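Everything below concerns the one structure shown next.
Numbering (our numbering), first residue to last: 912 to 1671.
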């Protein structure tokens, strides 16, 4: 089926409380006929669905999600995050539920502690008070938990809320049952505490979720809110949403440029650090392009808008970062499979625990007594067999919530991609970021990646009779009338403080050179053949010409009044930091390979300057992907860095495709990671970001899984109080979130080592 037949829609889904919830929504959408793909982001409370509208409607998909117990609506705004007002309303509502829960739970805790201490004889009276206080905690503050638990269980897909509802509900029922004369201890006060701790975790997780996505919101806030535009001969100030393509925007010194555009009049310097990370303002003059949200340093600019709204560079950055956070990395697929079966397994374990305590209580007590000496801080539950069975089953239900496992990967990935965006590294594919951790070789394109991508003057050699600055001045004065790239490089090489000499009688010979009178002298600039045709003897410069050609440089000869004056060597110069970046990559143990369509000699020269030993040259554009495939066979996983249209297939073939931000649109679309600054310093930082992101994910998963492996057996033996179980569960989730949010500090420590990464 053609991809252009699919519609892309985003759905806002509320009521998801764990990775199991997200997995169930994803499966429900993904298994619907006509749906090509469905990805659910638990943290953003969002689903991205691609579907064929001829087979299934959007309303049918919404009904599908509602049928499994979640609230859903179409996310019409293209903004990457929820609105601040909506987020604040949710935070306030969560805070109110939390306040109600603890206002009633705290007094119940005091009565329970007093009864446990045996200071008061009215145990039955205290039990009634605890039960009465606990009822509104479960029925009002925890109503949403019980509602979600019922909806998901009714659909045959119980989630984390089902564990909380069963645990707290079972504990609460012990109160009325004990009053009815059954031999069971009253755990109703524990039920209230379970819900109160649960709501505390929910409130803190919501705050942590917003903080984890703060990088996106900060990016969104970088743009201008209003714009001054010219319409009907008048200057108007309008909201940024009303700027249209073709409008001429007036940008005064110190103001943000409202939208991407082209300078039509005025000269200034623009602070583009928002986009490039480079602190030095970039000079702008008529004809130059500018980016929205960058700052006009000085001088009045009139800019014609070329891209507005969701088409601007800033909007694309926000969208790419949001998509990277929504996309799942391979490691998350494993976690999703685990959490999707986790709740049913724990329900089975809790039932097994209750049954064992009822059927073979002495054997369970013996096992607990055997383990207790190794765990002196644990205390075996006392009371009747039924009480111990309820105690242990409730503890299992509460301790085993998979929330920490569900948060382990997405929180770290959100923090990592947000950090990368702030460093000028746009992560479009989480899979590409993970692949950086395992690549064994890095392929670097030459032109535009290792090098500037434009010709520049690297050498000026004179015959000895003239100064090199004079030779360059004469050549630039002639070439200023030419539009050839090499002519532009010669003009640019002249110091800005040096004025061009007056020229007359300019004459160009296409493919050969040009001539003109410069300050009264006839100056020739061009190839050897051009000068010889004009009777100039170039033999005195022949050795220098051959040396420069051997170095892979384009040779331009200069003659004055019929005498050879000098030779100018023009080549594509190595970018700043390229050699340092290559050294840093090799220090990581990576094989660095130059992959280029340029001829072998020129490629070897640039490779030597960059410190690259392995060169694959003379590669046709269509064969670059094959070259990457061959390197994958030789080394394993390969990353490819390029900037041109001819690199697109290779970027797609590589395990990690990385595009230079100044490159072609096709290369950028084919890559999973984009280096906005346009130099390889960002590549080294991308490796550092991948290091800290996935080490954080591994740490999170280790603690989340290890916590369950340790705590569930203790709960089964009745060695873990349900209250302690709930506190430990909440603490594990918050530890995972906190560890992810500490990622930036970990990156800064990694980046303190002297390297190219902090040399920009």
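C-beta atoms are modelled at their ideal positions from N, C-alpha and C, and glycine is treated no differently.
These figures come from a predicted structure and were not determined experimentally.
Closest Cα partner of residue i within the set the options
{"i": "residue 1497", "options": "1554, 1355, 1425", "result": "1355"}
{"i": "residue 1371", "options": "1134, 1280, 1384", "result": "1384"}
{"i": "residue 1526", "options": "935, 1345, 1511", "result": "1511"}
{"i": "residue 1102", "options": "1345, 1253, 1305, 1446", "result": "1305"}
{"i": "residue 1368", "options": "1084, 1481, 1166, 1213", "result": "1481"}
{"i": "residue 1022", "options": "1104, 1392, 974, 1056", "result": "1104"}
{"i": "residue 926", "options": "977, 1161, 945, 963", "result": "977"}
{"i": "residue 1274", "options": "1516, 1015, 1299, 1255", "result": "1299"}
{"i": "residue 1088", "options": "1604, 1147, 1201, 1301", "result": "1301"}
{"i": "residue 1620", "options": "1605, 1643, 1475, 1172", "result": "1643"}
{"i": "residue 1585", "options": "1332, 1392, 1499", "result": "1332"}
{"i": "residue 1110", "options": "1019, 1094, 1053", "result": "1053"}
{"i": "residue 1362", "options": "1655, 923, 1505", "result": "1505"}
{"i": "residue 1547", "options": "1348, 1655, 1377", "result": "1348"}
{"i": "residue 1047", "options": "1073, 1013, 1065", "result": "1013"}
{"i": "residue 1430", "options": "1412, 1386, 1420, 1358", "result": "1412"}
Coarse secondary structure for residue i, derived from DSSP in three states
{"i": "residue 919", "result": "strand"}
{"i": "residue 1051", "result": "helix"}
{"i": "residue 1222", "result": "helix"}
{"i": "residue 1584", "result": "strand"}
{"i": "residue 1179", "result": "strand"}
{"i": "residue 1018", "result": "helix"}
{"i": "residue 1093", "result": "coil"}
{"i": "residue 1444", "result": "helix"}
{"i": "residue 950", "result": "strand"}
{"i": "residue 1412", "result": "coil"}
{"i": "residue 965", "result": "coil"}
{"i": "residue 1171", "result": "strand"}
{"i": "residue 1376", "result": "coil"}
{"i": "residue 956", "result": "coil"}
{"i": "residue 1253", "result": "helix"}
Rounded C-alpha distance that separates residue i from residue j
{"i": "residue 1308", "j": "residue 1326", "result": "30 Å"}
{"i": "residue 1011", "j": "residue 952", "result": "30 Å"}
{"i": "residue 1541", "j": "residue 1381", "result": "50 Å"}
{"i": "residue 1658", "j": "residue 1346", "result": "18 Å"}
{"i": "residue 1534", "j": "residue 1472", "result": "49 Å"}
{"i": "residue 1443", "j": "residue 1133", "result": "59 Å"}
{"i": "residue 1390", "j": "residue 1375", "result": "23 Å"}
{"i": "residue 1174", "j": "residue 916", "result": "39 Å"}
{"i": "residue 1334", "j": "residue 1612", "result": "26 Å"}
{"i": "residue 1449", "j": "residue 1455", "result": "10 Å"}
{"i": "residue 1188", "j": "residue 1588", "result": "Residue confidence is low: residue 1188 scores 41 on pLDDT, short of 50, so the model does not pin down where it sits. No coordinate-derived value is stated."}
{"i": "residue 980", "j": "residue 961", "result": "22 Å"}
{"i": "residue 1630", "j": "residue 1260", "result": "16 Å"}
{"i": "residue 1509", "j": "residue 1518", "result": "12 Å"}
{"i": "residue 1051", "j": "residue 1002", "result": "17 Å"}
{"i": "residue 1595", "j": "residue 1492", "result": "6 Å"}
{"i": "residue 1269", "j": "residue 1350", "result": "55 Å"}
{"i": "residue 1598", "j": "residue 1485", "result": "22 Å"}
{"i": "residue 1572", "j": "residue 1157", "result": "25 Å"}
{"i": "residue 1462", "j": "residue 1520", "result": "11 Å"}
{"i": "residue 1220", "j": "residue 1373", "result": "54 Å"}
Beta-carbon separation (whole angstroms), residue i vs residue j, contact threshold 8 Å
{"i": "residue 1364", "j": "residue 1483", "result": "7 Å"}
{"i": "residue 1570", "j": "residue 1553", "result": "7 Å"}
{"i": "residue 1159", "j": "residue 1213", "result": "6 Å"}
{"i": "residue 1076", "j": "residue 1060", "result": "4 Å"}
{"i": "residue 958", "j": "residue 950", "result": "7 Å"}
{"i": "residue 1208", "j": "residue 1180", "result": "4 Å"}
{"i": "residue 876", "j": "residue 1416", "result": "What is shown of the chain runs 912 to 1671, which leaves residue 876 out entirely."}
{"i": "residue 1139", "j": "residue 1211", "result": "Not quite, the Cβ-Cβ distance comes to about 11 Å (not below 8 Å), so this is no contact."}
{"i": "residue 1337", "j": "residue 1604", "result": "That belief does not hold up - the Cβ atoms of residue 1337 and residue 1604 are roughly 15 Å apart, past 8 Å."}
{"i": "residue 1459", "j": "residue 1447", "result": "Actually they do not touch by this definition, with Cβ atoms about 18 Å apart."}
Identified DSSP bridge partners for residue i
{"i": "residue 1480", "result": "1370, 1466"}
{"i": "residue 1590", "result": "Residue 1590 pairs with nothing; no bridge assigned."}
{"i": "residue 1160", "result": "1140, 1214"}
{"i": "residue 1437", "result": "1424, 1468"}
{"i": "residue 1207", "result": "1181"}
{"i": "residue 1568", "result": "1551"}
{"i": "residue 1150", "result": "1137"}
{"i": "residue 970", "result": "Per DSSP, none; premise fails for residue 970."}
{"i": "residue 1432", "result": "1429"}
heavy atom of the ligand FAD below 7 Å from residue i C-beta
{"i": "residue 1586", "result": "For the structure depicted, the ligand FAD is absent and the ligand set is empty, with no information on it obtainable."}
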